[in-house]
Amino acid sequence: MKQLALAFLLSFSAVVLAQQVPHQRLISVNGIAESKSPTLTYKTDVTLTMDNNYYGEGPYNTLAELKTKYYETLTDLGIDTSKFVEDPLAYAATGYRKEGVVLRFETKDEAEILKVTGVRMIQVLPSYVQVKSEISEAQLEHLMTLALEDARKNADLLASTMDVKIKDIHTVVTNYDRSTYWMSPSSDLDYIRVTVSYTLK
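If you want this note's numbering, it's the 1-based position in the sequence shown plus 21.
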C-alpha cells in the first residue's frame, strides 16, 4: 500500500496547465495524508443451513441443534455470541431450499473477527469480511491540513520545473466522503487525498 501511495504522489495524475478564464493559468496537483490509526469496524455474515453438504447428510438434524453447536464452539473461543444478529431475509436470498439462517457479526477487534471466520463446521458457511473506517472530526481536520500541505509542496516542486510561480488556491476537491461504507479489507482505507488547483502568477 505504501508503494502505491508513493507512486500516486509522484505521478501528479491531475496535472494541467490551462486557460480556464482569460489571462488565468491553473496548475492542479494531488496531496495525500495517511491516517495512522483509524477506528475500524469488522463485519461478516455466517450462513447456517440444513441443506446437505457435498459429502452427504450433515451431522445436525435441526437448525436449533446446529446453531447450539456453533455457538458452543464460538463460546469455547471466547466469542460473545450475543453479538450475532439473525437476518432471515438474507438467508431467503441465498436460494437454499431447506431451513437455515444468516448470522451477522460486527466487532472492532480484528482478532475476534478472525476467530469467527476461522471456524470450520459442516453446514456452517462463513462469508467474506468487510471493514468500515471511522475518522473523528478532529482527525479529519488534521488530515485535511496535512493533505493540503502536501499538495502545496508538490505544486511548488512542479512549478519550479516549469519556471512559474504559485499564486492562490483556486479549487480543492477531496476523495473523502462523510458517509461510511463497508469495504473489503484490501481497500484503501488509510489515506485522505485532495486535488488542489492553484492560479499562477
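The beta-carbon is built from N, C-alpha and C at its ideal position, and this holds for glycine as well.
Since we're looking at a predicted model, the values are computed, not measured.
Residue burial is scored here from C-beta neighbours: G139 has fewer than 16 other C-beta atoms within 10 angstroms and is therefore classed as exposed. Between V50 and I100, the CB-CB gap reaches or exceeds 9 Å.
In terms of CA proximity to Y149, F126 leads the group F126, T195, D72, K90. A direct Cα-Cα distance of roughly 53 Å separates V106 from D177. Looking at the DSSP output, N51 bridges to T216.
About 4 Å separates the beta carbon of T60 from that of E155, a gap short enough to meet the 8 Å contact definition.
Shown here, T138 sits in a helix according to DSSP, grouped into three states. Counting along the chain, the unbroken beta strand (DSSP E) around R125 starts and ends at 121-128. Spanning the alpha carbons of T62 and S157 requires a straight line of approximately 14 Å. Short of 7 Å from the beta carbon of P80, and not among the five residues preceding or following it, lie these beta carbons of its own chain, in chain order: I143. For M183, the closest of D189, I190, N175 by C-alpha to C-alpha distance is N175. In the DSSP annotation of this structure, the continuous segment of the alpha helix (DSSP H) that includes Y112 starts and ends at 109-113. Residue environment analysis places Y202 among the exposed positions, since fewer than 16 neighbouring C-beta atoms fall within 10 angstroms of its C-beta. Residue nearest to G116 within the set M165, A54, P147, D72 is D72 (criterion: CA-CA distance). Rounded to whole angstroms, D97 and A132 show a C-alpha spacing of 15 Å. Scanning its chain for C-beta atoms nearer than 8 Å, with the 5 sequence neighbours on each side dropped, one finds around A168 the residues G52, I53, A54, T195, I213, R214, V215, in chain order. For Y91, the uninterrupted alpha helix (DSSP H) run begins and ends at 84-97, by DSSP. Rounded to the nearest whole angstrom, the C-alpha separation of L95 and L47 is 59 Å. Between the C-alpha atoms of S218 and I190 there is a straight-line separation of about 6 Å. Boundaries of the beta strand (DSSP E) around K188: 187-195.
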